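Numbering (the numbering used here), first residue to last: 7 to 284. Structure first, commentary second.
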């Protein structure tokens, strides 16, 4: 008998890719369990499936940096409760991240994608369920977005929860209106500008020499450090909450259209975000 839970939850995270760099992503997660019926006539209680699966996904993928641990361009050092990750991009540039282990998930694969992460999750999740459950399947799908969207990564040093992690991210849609009408070209330009971008806060910037930016800070979970090519970054003078991201975009657009009303609806992953109007 097969038991399924579609759209169980969504996960927001970033991952390393030697071609794209640091990629922010949002996926919808679903699970399937196959097994014999118990004395209640169930493979497993839906409450148990939802609670255990969500908890594991929240701890292991959501707001984490996923690293394809078997890729030859990536080196991993286990250092006193932290991981130090160095990736050589196909361009020859380097990306370095140091963070507490709880902020980084090492996935036994060469590439991070929906299928490879789903396959890796199976062995991790199967042991959470009763012996009557013989197999587990995990599916990930991105949100269907009809309009422009961008992949961004960031870290919120002041956040009390997991958003403090320096390299987590989202796949987010963007809606811009000028004088109440959809500004398609303006929206598309911002989506392209922030394709696979790291939104860095200048207060966290400790080095901008050469072609690299280095960001670092100490938060409740530990010490965080990230160094990556400048071309993969966009600097703002504030923190990078979605409220401040919406405010930044609307101010930049307003400077080009001072006589018009401008509204920006910026999403942070799936079905949540902020609106700012000027």
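The beta-carbon is built from N, C-alpha and C at its ideal position, and this holds for glycine as well. What you are looking at is a predicted structure, and each value in this text was computed from that prediction instead of being measured.
Closest residue to residue i among the options (Cα-Cα distance)
i	options	result
residue 151	130, 87 and 273	273
residue 120	244, 43, 74 and 284	74
residue 283	124, 270, 250 and 206	270
residue 199	164, 250, 258 and 247	258
residue 192	161, 117, 221 and 153	153
residue 7	38, 207 and 76	38
residue 101	208, 21, 242 and 261	21
residue 142	129, 148 and 208	129
residue 221	131, 61, 105 and 144	105
residue 135	261, 41 and 242	41
residue 233	116, 149 and 95	95
residue 275	16, 28, 138 and 11	16
residue 27	97, 18 and 188	97
residue 108	117, 86, 99 and 115	86
residue 229	71, 172 and 58	172
residue 84	60, 69, 140 and 103	103
residue 47	9, 116 and 182	9
residue 24	54, 116 and 50	116
residue 68	167, 277 and 78	167
Own chain residues within Cβ distance below 7 Å of residue i, not counting five before or after
i	result
residue 155	177, 178, 179, 180 and 197
residue 162	169, 170, 245, 246 and 247
residue 13	34 and 36
residue 223	163, 210 and 230
residue 201	156 and 157
residue 59	14, 37 and 131
Those residues which DSSP pairs with residue i across a bridge
i	result
residue 88	85 and 106
residue 112	73
residue 8	40
residue 273	279
residue 187	184
residue 160	174
residue 241	206
residue 16	34
residue 145	36
Where residue i falls: helix, strand or coil (DSSP)
i	result
residue 255	helix
residue 61	helix
residue 209	helix
residue 129	helix
residue 180	strand
residue 66	helix
residue 194	helix
residue 53	helix
residue 236	helix
residue 228	strand
residue 31	strand
residue 137	coil
residue 22	strand
residue 97	coil
residue 168	helix
residue 123	helix
residue 199	helix
residue 150	coil
Cut-off 6 Å between Cβ atoms - residues of its own chain near residue i, not counting five sequence neighbours on either side
i	result
residue 66	111
residue 267	185
residue 256	268, 270, 282 and 284
residue 240	203 and 205
residue 80	93
residue 225	163 and 170
residue 293	With the chain covering only 7 through 284, there is no way to say anything about residue 293.
residue 44	138
residue 260	268 and 284
residue 175	20, 30, 158 and 159
Spatial neighbours of residue i in its chain, beta-carbon cut-off 8 Å, leaving aside the 5 residues before and after
i	result
residue 236	214, 217, 218 and 219
residue 212	220, 221 and 222
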